[in-house]
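Trainee: The structure follows.
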Amino acid sequence: MTEIIVVTSGKGGVGKTTTSASLSCGLARRGKKVAVIDFDIGLRNLDLIMGCERRVVYDFVNVIQGDCTLKQALIKDKRLETLYVLAASQTRDKDALSSDGVRRVLDELAAEGFDYVICDSPAGIEKGAHLAMYFADRAVVVVNPEVSSVRDSDRILGLLASKTQRAEQGNGGVKEHLLLTRYSPKRVATGEMMSVNDVKEILGLDVIGVVPESTDVLSASNSGVPVILNEASDASRAYDDAVSRLLGESLPLRFVDEPKRGFFARMFGG
Amino acid sequence: MAVLLSDNSNMMMNKPADTSRDASHESAIDIRFGQVGLVQVRIRTTDPGVILDELTGRIATAPRFFERTAVCLDLSALEKSPDVAEVRGVIDAVKRAGMLSIGLTTGSLGVEALSGALQIPVLSHFRAHNQSVPVVQPPVPQPVESAGLPALMHHQTVRSGQRVYARNRDLVVTAVVSAGAEVMADGCVHIYGPLRGRAMAGAREDTTARVFCHEFHAELVSIAGVFRVFETIPADLAGKPVQAWLDGDKLNFGRIGG
């Protein structure tokens, strides 16, 4: 049974594409057959983050319009054998998407035996974001511990609960998960930043992961290697934990407390 | 009857409960959008004498109500389009009766030209009540007939941007009302959880309606159109069980359970 997961947020720039890339790799690494689709037509960047921007021949809109087959458009990842990327069109915009077209593509992916389809949503609440979430079974709502991001995520949660196929058909609704990104325990300790509990209280949901603020994310984007594949990074470990929790494991949250400096570190600095 | 008077007002928020103004001005001018109730005067003749007589007679029964009231002139009931001089005469008669004409309604021929010549604005067509309002006192709001209808129950979080409206009955919410969300009812609004958004009770002028909540962090509360915005929540109410009710024109807030 193919599971469709939408990665959305409302607010822009919080880490949706970074998360889509890392979650897809994390799942593929565990042997799942995964397709990750960029719904941000006209402003595509999933291909950059995945490092396959120079291999895009056909894109999502081409498939919808029948210019090519799905197999021709799917780009096989060079690092992970069961991972495929469907890039967005750069020359068109969101009006090129249609509900029928999206449904056909998702049905075809299911027929091809994909275990997971990750839909990387654009920011906002218009057509692109709406179509990315419409057919989802699960949602990962990416939130920064910051007031505007939290407010926008609340809005998105409202839309997930009302304007999706599962909500309309009364199929139990879309299963919602919160992923906190760009978390800085140090700033939370000084009271500058909202804590995990603050966010949980306002949004009324448990988190599926907390990804710490990390300079590795920028390096990852620049090099086209999703951050989860950088074993040395805290962000990578956090994403890996999130993947485990998505698959049903229950793990304690890491990276939420300020790292305690040892005696020598405090005495001699560093 | 040569003159028809009617009142119109916006349903949800037509007057603020608390008119204290912020005294600190940074710029010389603040421009804001507001909504006001306006008296509309529909005339069937342009004879200033007749107009003045009738208006004076009406006003005599409630002089304070009409003193220097802003009115909007509706010329659509006249048999033929008036010219500038005639309308000037009407405005003058209305002024002598103690009221000030501040605009013309749309919907009559030549109104744009008149507006230009007289230098008063054209205001959009009113959705006026068609029966004439008794002049002696302001219209009595009819409490909504909500007998027998069970309350509308809402058990999910009301998220930012969502709106829940209970028509002709009370609303009961057993979850959170997030910031940016709106919960409204013609009857009372009961929130068994935190209220962080807007709550509007008595949406159809039921002044007896109340708002109740478990944890008060509201952005705005309104009862029968009388509203109060909370830029900061008073310490004695913040996060506590609170109810709001209307006492005449005053919106009161108090702890529930003492």
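Those protein sequences? They're chains A and B, same order as listed.
Per our numbering, residue 575 is the first one in the first sequence, and the count goes up by one each step.
Per our numbering, residue -16 is the first one in the second sequence, and the count goes up by one each step.
Positions of the beta carbon are idealized from the N, C-alpha and C atoms, including for glycine.
1. Hey, A:S673 and A:D633: beta-carbon distance below 8 angstroms or not?
2. Can you pull the chain A neighbours of B:S64, defined as C-beta to C-beta under 7 angstroms?
3. From A:E832 to B:V225, what distance separates their C-alpha atoms?
4. Who are the Cβ neighbours of B:C55 in its own chain at under 8 angstroms, not counting the five residues just before and after it?
5. According to the neighbour-count rule (16 or more other Cβ atoms, all chains shown, within 10 Å of its Cβ), is B:M136 buried or exposed?
6. Which residues in chain B have a C-beta closer than 7 angstroms to the C-beta of A:R725? List them in chain order.
7. Below 6 angstroms CB to CB, which residues in the same chain sit around B:G99 once its five sequence neighbours on both sides are set aside?
8. Note down the Cα distance separating A:L827 from A:V580, rounded to an integer number of angstroms.
9. Taking the alpha-carbon positions, what's the B:A218 to B:K233 distance?
10. With 8 angstroms set as the bound, which would you pick, yes or no: does the beta-carbon of B:T89 sit closer than that to a beta-carbon of chain A?
11. Is A:D728 close to chain B, meaning its C-beta is less than 8 angstroms from at least one C-beta of that chain?
12. For A:G836 and A:G625, which I take to be in contact (beta-carbon distance under 8 angstroms), what is that distance rounded to the nearest angstrom?
13. At a Cβ threshold of 8 angstroms, is A:A735 touching chain B?
14. Please confirm if B:Q102 has its CB atom under 8 angstroms from at least one CB of chain A.
15. Leaving aside the five residues before and after A:F569 along the sequence, list all residues of the same chain whose C-beta is less than 7 angstroms from its C-beta, in chain order.
16. Among A:M841, A:T591, A:S583 and A:G586, which residue has its Cα nearest to the Cα of A:S795?
17. Determine the contact status of A:H751 and A:I782, defining contact as a CB-CB distance below 8 angstroms.
18. Any C-beta of chain B within less than 9 angstroms: which residues of the segment 740 to 763 of chain A qualify?
19. Taking a cut of 7 angstroms between CB atoms, which residues from the segment 214 to 237 of chain B lie near chain A?
20. Kindly list the residues whose CB is nearer than 6 angstroms to the CB of A:S594, restricted to its own chain and excluding five residues on each side of it in sequence; keep chain order.
21. Please list, in chain order, all residues of the same chain as B:R71 whose beta carbon is under 8 angstroms from its beta carbon, the five residues on each side excluded.
22. Report buried or exposed for A:V717, applying the criterion of at least 16 other Cβ atoms within 10 angstroms of its Cβ.
23. How long is the line joining the alpha carbons of B:F49 and B:G81, rounded to whole angstroms?
24. Identify whether A:K760 lies in helix, strand or coil by the three-state DSSP scheme.
25. Along the chain, where does the beta strand (DSSP E) containing B:C55 start, and where does it finish?
26. Which whole-angstrom value describes the C-beta separation of A:A735 and A:G747, a residue pair presumed to lie in contact below a C-beta threshold of 8 angstroms?
27. Given B:P65, which residues of its chain have a CB within under 7 angstroms of its CB, disregarding the five upstream and five downstream residues?
28. Are the C-beta atoms of B:V156 and some chain A residue less than 8 angstroms apart?
29. Using a Cβ-Cβ cutoff of less than 7 angstroms, which residues in the same chain neighbour A:G744 once the five nearest sequence positions on both sides are dropped?
30. I'd like the span of the beta strand (DSSP E) that includes B:V204, first residue to last.
31. Applying the 10 Å Cβ sphere with the 16-neighbour rule, what's the burial state of B:A43?
32. Between the segment 16 to 48 of chain B and chain A, which residues of the former have a C-beta closer than 7 angstroms to a C-beta of the latter?
33. CB-CB under 7 angstroms to B:L132, same chain, minus the five flanking residues each way: which ones, in chain order?
34. Taking Cβ-Cβ distances shorter than 9 angstroms, what residues in chain B pair up with A:G586?
35. Should B:A221 be labelled buried (16 or more other beta-carbon atoms within 10 Å of its own) or exposed?
36. For A:G675, return the contacting residues in chain B, with the cut-off set at a CB-CB distance below 7 angstroms.
Mentor: Reading off the structure:
1. no
2. By Cβ distance, chain A contributes nothing, its closest Cβ being about 47 angstroms from B:S64, past 7 angstroms.
3. 38 angstroms
4. L21, V22, Q23, V24, S84, I85, G86, L87, T88, L106 and F109
5. exposed
6. S143, A162 and G163
7. none
8. 22 angstroms
9. 20 angstroms
10. no
11. yes
12. Contact flag wrong, Cβ pair sits at about 38 angstroms.
13. yes
14. no
15. Nothing in the structure corresponds to residue 569 of chain A, since chain A is present only between 575 and 844.
16. A:T591
17. yes
18. none
19. none
20. V581, V610, I692 and D694
21. L101
22. buried
23. 7 angstroms
24. helix
25. A53 to D57
26. 6 angstroms
27. T29 and L58
28. no
29. none
30. L203 to I206
31. exposed
32. none
33. N151 and R152
34. Simply none; closest approach about 17 angstroms.
35. exposed
36. Within chain B, no residue comes near A:G675; the closest Cβ sits about 27 angstroms away, beyond 7 angstroms.
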